[in-house]
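Numbering (my numbering), first residue to last: 1 to 694.
Glycine is no exception: its CB is placed at the ideal position from the N, C-alpha and C atoms.
Treat the numbers as computed from the prediction; the structure is a model and nothing was measured.
Heads up, the thing below is written out as structure tokens.
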């Protein structure tokens, strides 16, 4: 049944690992009546963690979607992973969501992955509200976490609830808007919410913070500001409307609090999702182009069921009958058994069925309308990032950007009979997970798999062995290095072949130099600097293609090259023998020759590492970090613990979790995320070459 756009919310739950995302989601589903029993992460019974790996490890690995009702509002909710190895799941979820709930641990505060997911939210302009969780734990500090959200995330948190007590004394929350206290009476399964007057000893604090909240809300709403300045009575509805306006525009982020494990604060959080986060009509109309060429005319699609159909594929999951294509419908209406255009690949696809997902369960739908998040069955070629649209009204929406893998392992089947089965399985996993890569070297006969971390590739191995029944052997993890240059150089490439009939003729002169643009993710920047038509325009793209092909295999050890600007300076052509092939080969030859003269070096992935250790072990941990070529950037006190933030080469981090446990008697923990690439020191470069036998 079609939903009213104003009564729809597409939201995600995002946070650092172990902040309580899935626990929050499980309580939301229970209180919304979507489940009759509360699942627990620590018991492996969470509805949204339905994979065997998730249940065994107690972490979320893949984003799971569900739909439920809260009052008259339909909510499409996606629970995302917190572990950095699966950050692609957060990335592609935020791309299609209208709003998000950022969960923070009241003890841990703003942690490393909190910053990562927050930046992802900034990149896609996703309105957020904050839920400070685990206030029932010893060491919980609500005020400190609010300050960290402002300083470390460059956000503007506006407190709309404050806790009553903390740790073992945490009893409930005070609603600053309504001037009411929320207390909870536990029973066998959930809790009973009691709304009472604010305790006398907290009235003054409540009024002070309420004034600050109204000031922040007034900054987002001219009508409220006018009434506030004139000392008029401000109503609850005015405050909520102003907070909603500020949240949708990204000026503020309302802050709520509670303890999901103790069921405290979940229903007010659901109310806040409806009150503050946007519905599809509240966000800007989606923009695209008529074709893949960015220079093609711009197309705008309104969030209207009667507009031409458009949707973005943001996730694939293999299914016994093919693939489930998770899509966000941005405009129009899609009915089952419909033919649509995949405008990204310029192919037509058949949509045979439409499913509304509840984790791994599914409910059949006859149609999906603007704003819906559903799974489609029947398509063969569509992959993550592709646009689906009306065959008579083509549009290509902005694609997703996928991070480069940072770690590689060799993989081989135990028997030759399994070779083709392994290749097929790896292809399935590649389609499902764009951050996973695999390759086959014809010269050595070796296959390699690449991913975002050791855990990522361990999960891949387990899928191959347990789920697909393949017997494989994997090697030790290796760093996925890159190559670049440190100087400018010029070279010529000549591809001239004469074999009796029509030959091949292409001569190219180009220069290479170091290049880096923080706002541009391209590895190679190609510039046409030729004059006078020395190379016909139709052959310029072939030169660029040859350069980019050559850049996939570096000079030093065959690693992909990046951060290079290539300028096409000059060349020669033949009126008969010149061809695309000739100029592609000449471009590759010139690029390789120039790179050899431009001081090529290895680039190694640098990780941002956050280590939390008891005060007594700080000396031992910092000494170990220094031995790992680390640069310690920050060290802050958090209760009886120190939180160290450092930048460390990934090559130095293998086995670190075990070492940290040993150094801190099991009381320390760490997280890391990819930060950047930097040139390797001379000694490390030599070690890499010796290890590869070069």
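Contact check, residue i vs residue j, beta carbons under 9 Å
{"i": "residue 135", "j": "residue 159", "result": "no"}
{"i": "residue 327", "j": "residue 373", "result": "yes"}
{"i": "residue 491", "j": "residue 596", "result": "yes"}
{"i": "residue 260", "j": "residue 20", "result": "yes"}
{"i": "residue 472", "j": "residue 518", "result": "no"}
{"i": "residue 162", "j": "residue 174", "result": "yes"}
{"i": "residue 379", "j": "residue 337", "result": "no"}
{"i": "residue 649", "j": "residue 628", "result": "yes"}
{"i": "residue 446", "j": "residue 410", "result": "yes"}
{"i": "residue 117", "j": "residue 263", "result": "no"}
{"i": "residue 67", "j": "residue 358", "result": "yes"}
{"i": "residue 310", "j": "residue 332", "result": "yes"}
{"i": "residue 425", "j": "residue 464", "result": "yes"}
{"i": "residue 437", "j": "residue 428", "result": "no"}
{"i": "residue 282", "j": "residue 98", "result": "yes"}
{"i": "residue 603", "j": "residue 484", "result": "yes"}
{"i": "residue 225", "j": "residue 219", "result": "yes"}
{"i": "residue 543", "j": "residue 524", "result": "no"}
{"i": "residue 18", "j": "residue 639", "result": "no"}
{"i": "residue 138", "j": "residue 76", "result": "no"}
{"i": "residue 8", "j": "residue 80", "result": "no"}
{"i": "residue 431", "j": "residue 292", "result": "no"}
{"i": "residue 601", "j": "residue 646", "result": "no"}
{"i": "residue 371", "j": "residue 407", "result": "no"}
{"i": "residue 103", "j": "residue 14", "result": "yes"}
{"i": "residue 585", "j": "residue 504", "result": "yes"}
{"i": "residue 221", "j": "residue 245", "result": "yes"}
{"i": "residue 563", "j": "residue 514", "result": "yes"}
Residue range of the beta strand (DSSP E) that includes residue i
{"i": "residue 435", "result": "First-last for residue 435: undefined, no H or E at that position."}
{"i": "residue 122", "result": "Per DSSP, residue 122 belongs to no beta strand (DSSP E); it is in the alpha helix (DSSP H), 112-123."}
{"i": "residue 141", "result": "Unbroken run through residue 141: none, as it is neither H nor E."}
{"i": "residue 176", "result": "From DSSP, residue 176 is part of no beta strand (DSSP E); its letter is neither H nor E."}
{"i": "residue 635", "result": "631-638"}
{"i": "residue 107", "result": "Unbroken run through residue 107: none, as it is neither H nor E."}
{"i": "residue 343", "result": "That residue, residue 343, is in no beta strand (DSSP E); it is neither H nor E in DSSP."}
{"i": "residue 646", "result": "641-649"}
{"i": "residue 358", "result": "353-358"}
{"i": "residue 411", "result": "407-413"}
{"i": "residue 402", "result": "Taken as a continuous stretch (DSSP letters only), residue 402 belongs to no beta strand (DSSP E), as it is neither H nor E."}
{"i": "residue 128", "result": "128-133"}
{"i": "residue 157", "result": "157-159"}
{"i": "residue 198", "result": "Premise fails: residue 198 is in no beta strand (DSSP E) and is neither H nor E."}
{"i": "residue 373", "result": "373-377"}
In DSSP terms, what residue i is bridged to
{"i": "residue 368", "result": "334"}
{"i": "residue 686", "result": "The partner list for residue 686 (beta bridge, DSSP) is empty, contrary to what the question assumes."}
{"i": "residue 679", "result": "603"}
{"i": "residue 387", "result": "312"}
{"i": "residue 99", "result": "11"}
{"i": "residue 224", "result": "Paired residues: none, contrary to the question."}
{"i": "residue 185", "result": "192"}
{"i": "residue 80", "result": "Bridge partners of residue 80: none, in fact."}
{"i": "residue 609", "result": "646, 672"}
{"i": "residue 614", "result": "641"}
Chain C within 9 Å of residue i, Cβ atoms only
{"i": "residue 417", "result": "Considering every chain present, this structure includes no chain C. It has just one protein chain."}
Opening and closing residue of the alpha helix (DSSP H) in which residue i lies
{"i": "residue 659", "result": "656-663"}
{"i": "residue 31", "result": "21-31"}
{"i": "residue 621", "result": "618-627"}
{"i": "residue 209", "result": "203-218"}
Problem set entry | Contact between the stretch 567-580 and the stretch 509-516 (3+ Cβ pairs under 8 Å) | With contact defined as three or more Cβ pairs closer than 8 Å, the stretch 567-580 and the stretch 509-516 are in contact.
Exercise. Going along the chain, which unbroken runs of the alpha helix (DSSP H) with 4 or more residues stay wholly within the stretch 449-525?
Worked result: 454-462
For this session: Would you list, in sequence order, the uninterrupted beta strand (DSSP E) runs of no fewer than 3 residues that lie entirely inside the stretch 229-313?
Result: 253-257, 286-289, 298-301
For this session: Evaluate the contact criterion for the stretch 119-132 versus the stretch 96-110: three or more CB pairs, one atom per stretch, below 8 Å.
Result: Yes, since at least three Cβ pairs between the stretch 119-132 and the stretch 96-110 fall closer than 8 Å, the two stretches touch.
Exercise. Are three or more beta carbon pairs between the stretch 525-534 and the stretch 552-571 nearer than 8 Å?
Worked result: Contact holds: three or more Cβ-Cβ distances are below 8 Å.
For this session: Please go through the stretch 525-589 and give each complete alpha helix (DSSP H) segment of 4 or more residues, from N-terminal end onward.
Result: 540-551
For this session: Determine contact between the stretch 457-474 and the stretch 651-665, defined as no fewer than three beta-carbon pairs at a distance below 8 Å.
Result: No contact exists between the stretch 457-474 and the stretch 651-665.
For this session: Decide yes or no for the touch test of the stretch 384-395 against the stretch 344-361: beta carbon pairs closer than 8 Å, at least 3 of them.
Result: yes
Exercise. Touch check for the stretch 445-460 and the stretch 548-561: three-plus C-beta pairs under 8 Å?
Worked result: no
Problem set entry | Touch test, the stretch 284-298 against the stretch 396-409, Cβ-Cβ under 8 Å, three pairs minimum | These segments touch.
For this session: Determine contact between the stretch 25-33 and the stretch 230-244, defined as no fewer than three beta-carbon pairs at a distance below 8 Å.
Result: no
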